[in-house]
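In short: position in the sequence shown from 1, add 14, done, that's the working numbering.
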Amino acid sequence: MNTQLLSPGTDTYILASDILKSGGLVAFPTETVYGLGSNALDREAVLSIFAAKGRPADNPLIVHIHDRKQLESICEVPERAFPLMDAFWPGPLTILCVRKPAIPDEVTAGLPTVAVRMPSHPVARAMLQACNLPVAAPSANSSGRPSPTTAAHVMEDMNGKIPLIIDGGMCDVGLESTVLDLCHGDPVILRPGGVTREMISSVLKCDVSVAGSVLRPLRENEKALSPGMRYRHYAPKAVVTLVQGPEDHVVPLLRKLCLEQEARGKKACVLCFSEHVEQLSACHPHDIGPSSSPTEIAHRLFDVLRRLDEEGMEMVFSEVVPPEGVGLAVMNRLGRAASFRTIQA
Ligand code: TXA
Ligand code: MG
């Protein structure tokens, strides 16, 4: 199949809408990461998403809408979701709702809930408006690779497998949406993202918990609240190790660990804050952004992780951020890239 890479515009939206209506797949930018979309009501189309990504069938998809009226036919919205939709939609918050029969089993992997979100990216909104369908879309990467934050990343993974990629430039947030469960008692964040625990808590005026496996591996026999948490995600081919502790200990230890690996003939590098790039210049530093801005680190992270593979890195040592605000989402993705392997400096 020939994969077209097109700029946004009326003709592109008409083409995207035609493809979606006839059961095809379209990759499109959102404010979080690029999505790989199909008509959420078309079982066969949904199945072809799983095939293109190599995604396990038991990992459910998020349904994207542009208008709250679309919810009516696809789900029942829990009461507490409304103030959150008022505050954060359109935007990077996904809310679990009770699924209605219009949504095929393939979308929800048989679960009684369906995850819905209204993206804010103007290109995503225009495409959703043009087709006027609920669009099921996981991130547009091959399963197991970091999510794509540029059209070039999507091309790396999907070239030849889908008819159309809409190029909307680099995604703003850079990490996937926050996934929030309001259907099973107290609110629980299943996956942290751009809408933080603190932001949700201030709207709901109550404590919001975070699934335990966000910052550690799933324990044996532990049930994944969100099936996606079971899978090795965001992982480059290299062995990644996180190094935490006081700054004046972390930087020298990063250098020592990296140079030791190089002495053993391994291709090694460090992921470090902008302010440490110079001190670590002997260690192929990859600048993840200033330590003062977890938002900037989120924006860059997946691009940096993808480059490690291109460069053939084997051993990678990374700085960490405090797991607060957007830092929680950053540490969830970095932690999983490292299989939560951590050294204390
Ligand atoms: O920002 C995003 O959310 C992007 C863009 C394209 O919107 N999409 C995305 O989709 O990241 P995906 O499929 O890569 O991640 C969806 C996550 C998975 O961890 C999945 O297990 C979880 O949401 N999920 C979906 N439906 C669920 C449900 N009914 N119950 C629990 N978890 C669910
Ligand atoms: Mg994904």
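Positions of the beta carbon are idealized from the N, C-alpha and C atoms, including for glycine. A quick note: this is a predicted structure, and the numbers were derived from the prediction, not measured.
Does at least one heavy atom of the ligand MG sit under 7 Å from the Cβ of residue 152?
The residue you call residue 152 lines up with position 138 of the sequence shown. Within the cutoff, so yes.
Is it buried or exposed for residue 297, if we count other Cβ within 10 angstroms and need 16 for buried?
Taking the sequence shown and counting its residues from 1, the one referred to as residue 297 is at position 283. Buried: at least 16 other Cβ atoms inside 10 Å.
Could you say which of 69, 37, 117 and 211 lies nearest to residue 341 if we only look at CA atoms?
Residue mapping note: residue 341 aligns to position 327 of the sequence shown, counting from 1. Selected option, being the one with the closest Cα: 211.
Specify, as a first and last residue, the run of the beta strand (DSSP E) that residue 275 falls within.
As a position in the sequence shown, residue 275 is number 261, starting the count at 1. According to the DSSP assignment, residue 275 belongs to no beta strand (DSSP E) but to the alpha helix (DSSP H) extending over 261-277.
Look at residue 130 and residue 111 and say whether their C-beta atoms are less than 8 Å apart.
For this step, residue 130 is matched to residue 116 along the sequence shown. For this step, residue 111 is matched to residue 97 along the sequence shown. Cβ distance < 8 Å, so residue 130 and residue 111 count as in contact.
Report the rounded CA-to-CA distance for residue 312 versus residue 163, giving the unit in angstroms.
Stepping through the sequence shown from its first residue, residue 312 is reached at position 298. Stepping through the sequence shown from its first residue, residue 163 is reached at position 149. Approximately 11 Å, taken between the alpha carbons.
Considering Cα atoms alone, identify which of 66, 260, 55 and 101 is closest to residue 120.
Along the sequence shown, read from residue 1 onward, the residue named residue 120 stands at position 106. Among 66, 260, 55 and 101, the Cα nearest to that of residue 120 is on 55.
How would you call residue 221, buried or exposed, if buried means at least 16 neighbouring beta carbons within 10 angstroms?
The residue labelled residue 221 in the question sits at position 207 within the sequence shown. Classification for residue 221: exposed.
Tell me, please, which residues DSSP counts as bridged to residue 301.
The residue you call residue 301 lines up with position 287 of the sequence shown. DSSP, once it has assigned bridges, lists 286 as partnering residue 301.
So if DSSP puts residue 135 in a beta bridge, which residue, or which two residues, is it bridged to?
Along the sequence shown, one-based indexing puts residue 135 at 121. Paired residues: none, contrary to the question.
Going by the C-beta, is residue 120 closer than 7 Å to any heavy atom of the ligand TXA?
Your numbering for residue 120 matches position 106 in the sequence shown. Short note on residue 120: C-beta not closer than 7 Å to any heavy atom of the ligand TXA.
Closer than 6 Å by C-beta to residue 117: which residues in its own chain qualify, once you throw out the five before and the five after it? Chain order, please.
Residue 117 sits at position 103 when you count from the first residue of the sequence shown. For residue 117, where only same-chain residues beyond five positions count, the Cβ hits under 6 Å are 88 and 128.
If you run the structure through DSSP and keep just helix, strand and coil, what is residue 313?
Locating residue 313 in the sequence shown gives position 299, where the first residue counts as 1. Residue state, collapsed to three classes: helix.
Tell me which residue opens and which closes the beta strand (DSSP E) that residue 202 is part of.
As a position in the sequence shown, residue 202 is number 188, starting the count at 1. Secondary structure note for residue 202: its beta strand (DSSP E) is the uninterrupted segment 202-205.
Taking only heavy atoms of the ligand MG into account, decide whether any of them is closer than 7 Å to the Cβ of residue 161.
Sequence index remark: in the sequence shown, residue 161 carries index 147 (1-based). Under cutoff, so the answer is yes.
Supposed contact pair residue 185 and residue 356 - C-beta distance, whole angstroms, cut 8 Å
To locate residue 356, count along the sequence shown from 1; it is residue 342. To locate residue 185, count along the sequence shown from 1; it is residue 171. Not confirmed; about 28 Å, so no contact.
If you run the structure through DSSP and keep just helix, strand and coil, what is residue 24?
By 1-based counting over the sequence shown, the position of residue 24 is 10. DSSP places residue 24 in helix when its eight states are reduced to three.
Residue 76: beta carbon under 7 Å from a heavy atom of the ligand TXA?
Within the sequence shown, numbered from 1, the residue matching residue 76 stands at position 62. Yes, the Cβ of residue 76 comes within 7 Å of a heavy atom of the ligand TXA.
Would you grab the beta carbon distance between residue 7 and residue 229 for me? Rounded to a whole angstrom, and I think it's under 8 Å.
What is shown of the chain runs 15 to 359, which leaves residue 7 out entirely.
Cβ of residue 170 versus every heavy atom of the ligand MG: is any distance shorter than 7 Å?
As a position in the sequence shown, residue 170 is number 156, starting the count at 1. Every heavy atom of the ligand MG is 7 Å or more from the Cβ of residue 170, so no.
Write down the C-beta distance between residue 57 and residue 157 rounded to the nearest angstrom, noting that I regard them as a contact closer than 8 Å.
Along the sequence shown, one-based indexing puts residue 57 at 43. Along the sequence shown, one-based indexing puts residue 157 at 143. Approximately 20 Å separates the beta-carbon atoms of residue 57 and residue 157; this is outside 8 Å, ruling out the contact.
Is residue 190 close to the ligand MG? I mean its beta-carbon at under 7 Å from any heavy atom of the ligand.
Locating residue 190 in the sequence shown gives position 176, counting from the first residue. Placement of the Cβ of residue 190 at a distance of less than 7 Å from at least one heavy atom of the ligand MG is found.
So the beta strand (DSSP E) residue 329 belongs to, where does it begin and stop?
On the sequence shown, residue 329 is found 315 positions in, with the first residue counted as 1. That run of the beta strand (DSSP E) goes 329-332.
Would you call the segment 101-111 in contact with the segment 17-36, where contact means no fewer than 3 C-beta pairs closer than 8 Å?
No, they do not touch.
Please determine if the segment 287-302 and the segment 310-328 are in contact, where contact requires at least 3 C-beta pairs separated by less than 8 Å.
The segment 287-302 is in contact with the segment 310-328.
Please state the DSSP three-state secondary structure of residue 195.
Working through the sequence shown from its first residue, we reach residue 195 at position 181. Strand at residue 195.
Residue nearest to residue 191 in terms of C-alpha spacing, selected from 197, 321, 161 and 267
Within the sequence shown, numbered from 1, the residue matching residue 191 stands at position 177. Looking at 197, 321, 161 and 267, the one whose alpha-carbon comes closest to that of residue 191 is 161.
What's the gap between the Cα of residue 209 and the Cα of residue 251?
Working through the sequence shown from its first residue, we reach residue 209 at position 195. Working through the sequence shown from its first residue, we reach residue 251 at position 237. The C-alpha of residue 209 lies about 29 Å from the C-alpha of residue 251.
DSSP state of residue 90, grouped into three classes?
Here residue 90 corresponds to residue number 76 of the sequence shown, with the count starting at 1. Residue state, collapsed to three classes: strand.
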